[in-house]
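Presented below is the structure to which this report refers.
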Amino acid sequence: MKILVTGGSGFIGQAVVRHLLNNAEAQVVNLDKMTYAAVPSTLDDLLGESRYYLERADVSDKKTVRRILTKHNPDGIIHLAAESHVDRSIDGPENFIETNINGTFILLNEALRFWRTLQGKKQTLFRFLQVSTDEVYGSLGPVGLFTEDSRYKPNSPYAASKASADHLARAWHHTFGLPVVVSNASNNYGPYQHPEKLIPRSILNAFHGKPIEVYGDGQNVRDWLFVEDHAAAITTIFADAKPGDTYNVGGFAEHSNLDVVHTICKSLDILRPKNAPHDRLVTFVDDRPGHDFRYALDATQLEQKLGFRPATDFSIGLYHTVQWYLENETWWNSVWNSSKGSQRLGQASDVQKKLQIRA
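Numbers 269 to 627, taken from the numbering used here, label the letters of the sequence shown in order.
Shown next, in the form of structure tokens:
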């Protein structure tokens, strides 16, 4: 089986690529634009692997996508390519609209064109998995869970762009028959995550003795999913879900942002005691504009129908993640420097200034 993975050099994508190569008799084609979020060295060890192919390309480039589908003749597509940082979507929504909406539209259209050329069992077994986020559902109150039937109510440009992509994917299934499956996952964490995200940013700010910034009062709650568990869930859904299905993928690990940061500090106190206590660096800053209070997914359908449940306890996974960043400075150092490290993005005042200048 040959699988096309878009965004395979990104944080979740690299975990999916490795999982497929390590746990399935699969060939993997990685279609990746290699934006700032993709660190080229992440998958360098696979470049000599005969079952791995790298195609540096943009999902918004129709001719190139068509060429890659024709060349590799995949048995399915796992679509992960996306702009994914909420703060960046506040500063510059245009890239999110182009990649997440227009890119998904082009990929769906080219996948449909390709799928219609297939015959027999190859056409029947073909799948297009649209990998999405819990943020499309909007914000939860202090109780309750989002289910697969919850209505979409996105609140950030990022969430709106992913919601749009999900709707397009469903429409291409129901209108044109393309065998689409959609998955919505909670917040991922683990090795190889770009330093702009909360967990690696907190780890590396502490490493450099910089303030660990916590938005608002830090009580915003997220359900956390270890990236390798998510990769395993994605491959399970891709292999076993029926066209038209939707699955929530949760980590069964709800924690406030402040609790996450304090847990990181405790891990650092153990692993790097000379700079303890690290929680002295915790600093509260103005909240993110439109910051959703809580996300949490009901992932029981995935367990009941496909037999999947995440295997990694949050405290263990987070400790492992902290340890990985401390041991892999060569990986994150250039990324940290090029992304200006701890510089904050997505402040409403900055957006207003830009709009005033344009006006």
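Backbone N, C-alpha and C define an ideal beta-carbon position, used for all residues, glycine too.
Looking at the DSSP output, Leu322 bridges to Asn298. Straight across, the Cα-Cα distance linking Pro342 with Met302 is about 21 Å. Ala453: member of the beta strand (DSSP E) spanning Val448 to Ala453, first to last residue. Looking at Trp383, Arg395 and Ala427, the one whose alpha-carbon comes closest to that of His353 is Ala427. Inter-segment contact for the segment 560-567 and the segment 483-501 is present: three or more beta-carbon pairs are separated by less than 8 Å. In this structure, Pro511 places its C-beta atom within 8 Å of the C-beta atom of Val448.
Counting other Cβ atoms within 10 Å of its Cβ, Lys430 reaches 16 or more and is therefore classed as buried. Assignment of alpha helix (DSSP H) within the segment 381-416, counting only whole runs of 4 or more residues, yields 388-393 in chain order. Its chain contains Thr531 as the residues whose beta carbon lies nearer than 8 Å to that of Ser583, once the 5 sequence neighbours on both sides are disregarded; these appear in chain order. Assigned with DSSP and collapsed to three states, Lys465 falls in coil, not helix or strand. Secondary structure at His347: strand, using DSSP grouped into helix, strand and coil. Listed as beta-bridge partners of Tyr515 by DSSP are Ser451.
When the beta-carbon positions are compared, Phe494 and Thr551 stay at least 8 Å from each other. Here Asp313 is exposed, its C-beta having fewer than 16 other C-beta atoms within 10 Å. Closest in alpha carbon position to Ile538, among Asn516, Arg548, Thr504 and Tyr587, is Tyr587. Cα atoms of Arg438 and His476: separation of roughly 45 Å, rounded to the nearest angstrom.
Measuring C-alpha to C-alpha distances from Phe506 to each of Leu436, Glu595, Ser524 and Leu574 identifies Leu574 as the nearest. For Tyr587, the enclosing alpha helix (DSSP H) has its first and last residue at Phe582 to Glu595.
In the DSSP assignment, Lys510 falls outside any alpha helix (DSSP H), carrying neither H nor E. Leu337 has its alpha-carbon roughly 12 Å from the corresponding atom of Leu386. In the three-state DSSP reduction, Thr443 falls in the helix class (H, G or I). Checking the DSSP bridge columns, you'll see Lys270 partnered with Gln295.
The three-state secondary structure of Tyr426, taken from DSSP, is helix. Around the Cβ of Tyr304, a 10 Å sphere holds fewer than 16 other Cβ atoms; the residue is exposed. In this structure, Phe576 sits away from Thr514, with a CB-CB distance that is not shorter than 8 Å. In the DSSP annotation of this structure, Ile336 is not part of any beta strand (DSSP E); the continuous alpha helix (DSSP H) holding it starts and ends at Lys330 to His340.
If you ignore the 5 residues before and after Arg319, its C-beta comes within less than 8 Å of the C-beta of Leu289, Ala294, Gln295 and Val296, all in its own chain and listed in chain order. His435 and Val404 have their C-alpha atoms spaced approximately 11 Å apart. In summary, His462 is buried, with 16 or more beta-carbon neighbours lying within 10 Å of its beta-carbon over all protein chains present.
In this structure, Ser454 sits away from Asp527, with a CB-CB distance that is not shorter than 8 Å.
In this structure, Glu378 and Val450 do not form a Cβ contact; the two beta carbons are roughly 18 Å apart against a cut-off of 8 Å.
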